[in-house]
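Enquirer:
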């Protein structure tokens, strides 16, 4: 999929996004479009700005410059756009004394406007078996399962997943991958950050590669691989980055 293909409906539009933490510029004038009906994989080294970009989209990080529009709404203005966004953080920080059931109940009260719940991952990841457990005693994998179920729970049309398969067992990993594929087919916009070439190849239509806060690659996966004449995603990324350096 080409980012500028006609007929696609824009889900997320980022223009000139810049964010600095202290003296470090984490995002440097980022421009990117993401569309309904596609999965976009954000890749790049640690510290390249992937998580900061996603957090900016959900309002957890305020950019210094630039704009973000989510489904046509200015993200820095009316926050009602967040009702259409599901988010799974890389590291979920929950109130440790709450039980899993209390967390879901609390969020349902906060989202009383929602009249359609997506229970598929809640059931498939067997979140009910964790319901009585306090969040503070959950293992990393259990937290990931809770985070994945929450990301889809309120039937979002845009889903942002920060390292969604990290620390998960194989069955849960495949369950989440299947969910991503199904929801893409239903026209959702899904953005994942990942360090896994296999996950990107399996799930994504497009790859956006960040390096030192800048987008170095933004291409459909098919084109990315074809241009480099390889089936290796990391090989194709290296080929494109070398061309970028030489230009």
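In the numbering used here, the protein residues as written are 92 to 338.
Ideal Cβ placement from N, Cα and C applies to all residues, glycine included.
Since we're looking at a predicted model, the values are computed, not measured.
To which residues does DSSP link residue 115 through a beta bridge?
Expert: 112
Enquirer: What does the alpha-carbon distance come out to for the pair residue 201 and residue 245?
Expert: 11 Å
Enquirer: Where does residue 341 fall in DSSP's three states?
Expert: Limits of the chain in this structure are 92 at one end and 338 at the other, which puts residue 341 out of reach.
Enquirer: In the structure shown, what three-state DSSP assignment does residue 133 receive?
Expert: strand
Enquirer: Kindly provide the ranges of any beta strand (DSSP E) runs that are 3 or more residues long and lie completely inside the stretch 265–333, ordered along the chain.
Expert: 280–284, 297–302 and 305–311
Enquirer: Assess, as a yes-or-no matter, whether the stretch 221–240 is touched by the stretch 182–199 under the definition of 3 or more beta carbon pairs within less than 8 Å.
Expert: In this structure the stretch 182–199 lies against the stretch 221–240, because at least three pairs of beta carbons, one per stretch, are closer than 8 Å.
Enquirer: Taking the straight line between their C-alpha atoms, what separation do you get for residue 343 and residue 326?
Expert: Nothing about residue 343 can be read from this structure; the chain reaches only from 92 to 338.
Enquirer: Under a three-way DSSP split, which group does residue 120 fall into?
Expert: Of the three classes helix, strand and coil, the one that applies to residue 120 here is strand, per DSSP.
Enquirer: Taking the beta strand (DSSP E) that residue 178 belongs to, which residues open and close that run?
Expert: Taken as a continuous stretch (DSSP letters only), the beta strand (DSSP E) holding residue 178 covers 176–179.
Enquirer: According to the Cβ coordinates, are residue 271 and residue 262 closer than 7 Å?
Expert: no
Enquirer: Take residue 211 as the anchor and find which of 167, 186 and 268 has the nearest alpha-carbon.
Expert: Looking only at 167, 186 and 268, the smallest Cα-Cα distance to residue 211 is reached by 268.
Enquirer: Please go through the same chain and pick out, in chain order, the residues whose beta-carbon is closer than 6 Å to the beta-carbon of residue 105, but skip the five residues on each side of it.
Expert: 121, 123 and 159
Enquirer: Assign residue 228 to buried or exposed, taking buried as 16 or more other Cβ atoms, counted over all protein chains shown, within 10 Å of its Cβ.
Expert: exposed
Enquirer: Between which two residues does the alpha helix (DSSP H) containing residue 145 stretch?
Expert: 141–148
Enquirer: Starting from the C-beta of residue 216, find all residues in its chain whose C-beta is less than 7 Å away, skip the five residues before and the five after it, and write them out in chain order.
Expert: 236, 239, 240, 263 and 266
Enquirer: Give the secondary structure of residue 99 by DSSP, where H, G and I count as helix, E and B as strand, and everything else as coil.
Expert: coil
Enquirer: On the CB-based measure, 16 or more other CB atoms within 10 Å of its CB, does residue 274 come out buried or exposed?
Expert: So residue 274 counts as buried.
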